[in-house]
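J.:
Residue numbers (this note's numbering): 1 to 245.
#1: Give me the Cα-Cα distance between residue 34 and residue 215, rounded to the nearest whole angstrom.
#2: Contact check, residue 115 vs residue 18 under 8 angstroms by CB: the rounded distance?
#3: In terms of DSSP beta bridges, what is residue 79 paired with?
#4: Indicate whether the contact test is met: 3 or more Cβ pairs, each with one atom in the stretch 87-96 and one in the stretch 168-176, closer than 8 angstroms.
#5: Please list the segments of the alpha helix (DSSP H) lying wholly inside the stretch 70-131, counting only runs of 4 or more residues, in order along the chain.
#6: Beta-carbon within less than 8 angstroms of residue 228's beta-carbon, same chain only, minus the 5 sequence neighbours each way: which residues are those?
#7: CB-CB under 6 angstroms to residue 124, same chain, minus the five flanking residues each way: which ones, in chain order?
#8: Whose C-alpha, out of 117, 103 and 85, is nearest the C-alpha of residue 183?
#9: Any idea what DSSP makes of residue 36, helix, strand or coil?
#10: Could you tell me which uninterrupted beta strand (DSSP E) segments, each at least 3 residues in length, are contained entirely in the stretch 157-220, listed from first to last along the chain?
#11: Should the stretch 132-148 be regarded as contacting the stretch 186-204, the criterion being three or more beta carbon pairs within less than 8 angstroms?
#12: I'd like the span of the beta strand (DSSP E) that includes residue 20, first residue to last.
#13: What number of angstroms, rounded off, separates the C-alpha of residue 70 from the C-alpha of residue 16?
#14: For residue 234, name the three-state secondary structure that DSSP assigns.
#15: Pull up the distance between the alpha-carbon of residue 56 and that of residue 233, whole angstroms please.
#16: Rounded to the nearest angstrom, how far is the Cβ of residue 186 from that of residue 173, given a contact under 8 angstroms?
#17: Thinking C-beta only, is residue 64 closer than 8 angstroms to residue 23?
#18: For residue 246, does the three-state DSSP call read helix, strand or coil?
#19: So, helix, strand or coil for residue 154, using DSSP?
#20: Taking a contact to mean a Cβ-Cβ separation below 8 angstroms, would you say residue 100 touches residue 62 in this structure?
#21: So, for residue 40: in the same chain, excluding its five sequence neighbours on each side, which residues have a beta-carbon less than 8 angstroms away from its beta-carbon?
#22: Residue 281 lies in the beta strand (DSSP E); which residues open and close that run?
#23: I'd like the span of the beta strand (DSSP E) that includes residue 144, first residue to last.
#24: Within 10 angstroms of the Cβ of residue 12, are there 16 or more other Cβ atoms? Answer buried if so, exposed if not.
#25: For residue 201, collect the residues of the same chain with a Cβ closer than 7 angstroms to its Cβ; drop the 5 residues on either side in sequence, then sort them by chain order.
#26: Between the alpha carbons of residue 223 and residue 130, how many angstroms are there, rounded?
Written out as structure tokens, the structure is:
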């Protein structure tokens, strides 16, 4: 069994727990959380991002799959055996976090972060820099976003209706912001304990669309390889990190 990493630090004396949700079932890519990329299973990329961070006090993998448990057990982390009701397609991540907070760690956390294994590429300082934003007392959640500017519209009665006049310049289209999937943090007192998924003060952090990957379909696996190849220096620390087994 691997040893815990030493030298933990704290954010304003807050206890930070990371949760990595990894269901065994996946309709589009079977067993996608066990997909092997650059010598590591997909689940391992998020585990390593968590255990390499000095602000995180505990890492929990939540799964209903014995092969994911086996892959995770090489690391000294906690396994949450997810119930059937929390493993179906309709179960929300927030329902899972409430289950873990109230029944598994039993209120022993101030901040819970969610690390989705389907967004495995995180720069070395991403989590630390994001958690430093929590020093602002007035926050409920912290989410990473990337901006988009698209000339959008909708279909009505089989006709496309543009959201903007035809002569709208691209620079005049208002930015929208999409969650990257790489980082979510919850101030438990302002979200989980109030049964309010994001709370009323969502603090943004930013990335770029070209760096974003959220693996849902097979084509996303090619995008994963492309992003890694072109930004390898930011992510290979997760492969090279020393971990005593």
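Think of the CB as a built atom: it goes at the ideal place given N, C-alpha and C, for glycine as much as any other residue.
T.: According to the structure data:
#1: 12 angstroms
#2: About 6 angstroms; that satisfies the 8 angstroms criterion.
#3: Assignment of beta-bridge partners to residue 79 by DSSP yields 61.
#4: no
#5: 93-99
#6: So the qualifying residues of the chain are 37, 38, 121 and 235.
#7: 237
#8: Among 117, 103 and 85, the Cα nearest to that of residue 183 belongs to 117.
#9: strand
#10: 159-162, 176-187 and 202-206
#11: The stretch 132-148 is in contact with the stretch 186-204.
#12: 16-21
#13: 25 angstroms
#14: If DSSP states are grouped into helix, strand and coil, residue 234 belongs with the helices.
#15: 23 angstroms
#16: Contact flag wrong, Cβ pair sits at about 32 angstroms.
#17: yes
#18: The first residue shown for the chain is 1 and the last is 245, placing residue 246 beyond what the model contains.
#19: strand
#20: yes
#21: 48, 238 and 239
#22: Only positions 1 to 245 of the chain appear in the structure, and residue 281 is not among them; the question remains open.
#23: 141-148
#24: exposed
#25: Excluding sequence positions up to five before and after residue 201, its CB lies within less than 7 angstroms of the CB of 138, 139 and 140, all in the same chain and listed in chain order.
#26: Spanning the two alpha carbons is a distance of roughly 25 angstroms.
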